RNA sequence: GGGCCCGUAGCGUAGCGGUCUAACGCGCCUCCCUGUCACGGAGGAGACCGGGGGUUCGAAUCCCCUCGGGCCCGCCA
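Numbering (our numbering), first residue to last: 3 to 444.
Below, the structure written as structure tokens:
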């Protein structure tokens, strides 16, 4: 009995009779000479069918039909990949008679107005070889992030996504019925990862977070994948920035090296990384942007803004790429008014020890240092108008009460990381089955 | 939450007041084709123009409502 061979092995099997299995991907029928393409997990195989009876087996069957095919491997430079299957005998394993609603062998349009069609037909669209590259790259990037962290002695954790109450503040939360009680979905593992610093010093989590923000943009979803990192015993904010910047740069270098062909065929931008990630304060960026020709022409002045505008994020990234040769850039020293209660404040400079890591024009990660002193936490929470005795804060504060070292970390958007790397226009293109304000299927 | 834009066969588009009983490309069906790789050729099926109301002698084309979707801003990963 022949064991199943894969498309990528074909070249090494010239002269042998083999069996392959996969999906019928393409038919090119020239009469007495017919070319079929079979797709398996490793690639495509071209098959030459000259026997009319074999072709008859496919009558009425569509692309996507699952086939088992035996034949002889023949080297031929006219064949894609240099080898193909001859004298094939087809066995239909799973017939498909319905015409697919979209074409699978050609990449579907990613223009914004066509994304609805793309996602409605995601089940089939994902069989497209070009589309699949995005998700193979994504899988690798997630793996590289994980490996880098593990090498640096971080422990991977899993924290609950059902929460008893909204506690973190900021973004809107989803509420749901939990056996008669109200529960919320976690917007981030913020409290849990800080708690875990008290046990392991260095922890990370790659998991979903849920935001009920009614945002309809190319960079927001209601269900997103975040990498959360937290590290204790840091010397200060700079060490955290350096680590997170190094993490992103390392993963990008590895991705661009391992997936050079795929990224090129997806028309991803070339990677530019400097020795270290350049840094600008928010105030500096406001100043640079506001005095730029484009801003002056548009009559825009951001010097009084607390946060960066999307235009400023694009502006400083463009500057960093052109002038400093870096796709990554830090915006540092966010104003105190923008801070959350758990951020560390630099009282002298009147700013927050919080940086945003920007990547090709988009916020990729927030990289703050946390307040780790129990008394100061209580103080900052009260200042923020929070009830420090509330059940939702009880366990969080326990970690502080019983000792947390100076720590910091990041909330890092994995979807955005993939989007910007591949050069996708919309974040949902980087997600298999995206969820936004009006999509819950497939 | 605010602003702007789009909705024509399975998919992508053209048509933007009468010549539209709606056109083209891809896909699909039938036939021809021995080296294709966006194969080629001949023929064919397939939409009543998102839905509702209105204006008009006449609407896919104009107006209103509604449903679906997109983009930007706010917010953030």
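Here a beta-carbon is modelled for each residue, glycine too, at the ideal position from N, C-alpha and C.
Treat the numbers as computed from the prediction; the structure is a model and nothing was measured.
Cβ-based neighbour list, residue i, same chain, cut-off 8 Å, excluding 5 preceding and 5 following
i, result
"residue 338", "347, 352, 353, 354"
"residue 274", "323, 327, 328, 329"
"residue 390", "380, 383, 384, 399"
"residue 116", "110"
"residue 82", "46, 48"
"residue 405", "200"
Beta-carbon contacts of residue i that lie in its chain and below 7 Å, excluding the five residues immediately before and after
i, result
"residue 17", "75"
"residue 308", "337, 339, 340"
"residue 34", "52"
"residue 3", "Because residue 3 carries a pLDDT of 49, less than 50, the predicted location of this residue cannot be relied on, and the following value inherits that uncertainty. There are no such residues."
"residue 205", "156, 157, 159, 195, 198, 199, 232"
"residue 15", "7, 75"
"residue 427", "112, 114, 220"
"residue 109", "130, 132, 133"
"residue 435", "124, 444"
"residue 270", "423, 424, 425"
Check whether residue i and residue j have beta carbons under 8 Å apart
i, j, result
"residue 90", "residue 51", "yes"
"residue 97", "residue 126", "no"
"residue 139", "residue 257", "yes"
"residue 357", "residue 413", "no"
"residue 304", "residue 321", "no"
"residue 214", "residue 175", "yes"
"residue 416", "residue 224", "no"
"residue 343", "residue 374", "no"
"residue 265", "residue 150", "no"
"residue 221", "residue 439", "no"
"residue 146", "residue 236", "no"
"residue 94", "residue 22", "no"
"residue 144", "residue 208", "yes"
"residue 393", "residue 166", "yes"
"residue 359", "residue 332", "yes"
"residue 345", "residue 234", "no"
"residue 84", "residue 13", "yes"
"residue 60", "residue 92", "yes"
Terminal residues of the beta strand (DSSP E) in which residue i lies
i, result
"residue 70", "68-77"
"residue 387", "Residue 387 -> no beta strand (DSSP E), and no H or E assigned at all."
"residue 11", "Taken as a continuous stretch (DSSP letters only), residue 11 belongs to no beta strand (DSSP E), as it is neither H nor E."
"residue 254", "Taken as a continuous stretch (DSSP letters only), residue 254 belongs to no beta strand (DSSP E), being part of the alpha helix (DSSP H) at 239-260."
"residue 90", "85-96"
"residue 283", "281-283"
DSSP beta-bridge partners of residue i
i, result
"residue 37", "30, 50"
"residue 447", "Here the chain has residues from 3 to 444 only, and residue 447 is not among them."
"residue 220", "Its beta-bridge partners do not exist; DSSP assigns none."
"residue 358", "333, 368"
"residue 99", "Residue 99 is not bridged to any residue."
"residue 179", "184"
"residue 208", "229"
"residue 7", "22"
"residue 165", "186"
"residue 409", "234"
"residue 414", "229, 367"
"residue 45", "42"
"residue 157", "205"
Own chain partners of residue i with C-beta closer than 6 Å, once the 5 adjacent residues on each side are dropped
i, result
"residue 398", "193"
"residue 10", "44, 45"
"residue 316", "363"
"residue 185", "164, 178"
"residue 230", "191, 195, 207, 413"
Residue i: CB within 7 Å of a non-hydrogen atom of the ligand FMN
i, result
"residue 375", "As far as ligands go, the structure on display features none, and thus does not contain the ligand FMN."
Where the alpha helix (DSSP H) through residue i begins and ends
i, result
"residue 127", "124-127"
"residue 443", "From DSSP, residue 443 is part of no alpha helix (DSSP H); its letter is neither H nor E."
"residue 132", "131-153"
"residue 197", "192-202"
"residue 403", "393-403"
Enumerated in chain order, which unbroken segments of the alpha helix (DSSP H) with a length of 4 residues or greater are wholly contained in the region 285-347? 295-300, 312-326
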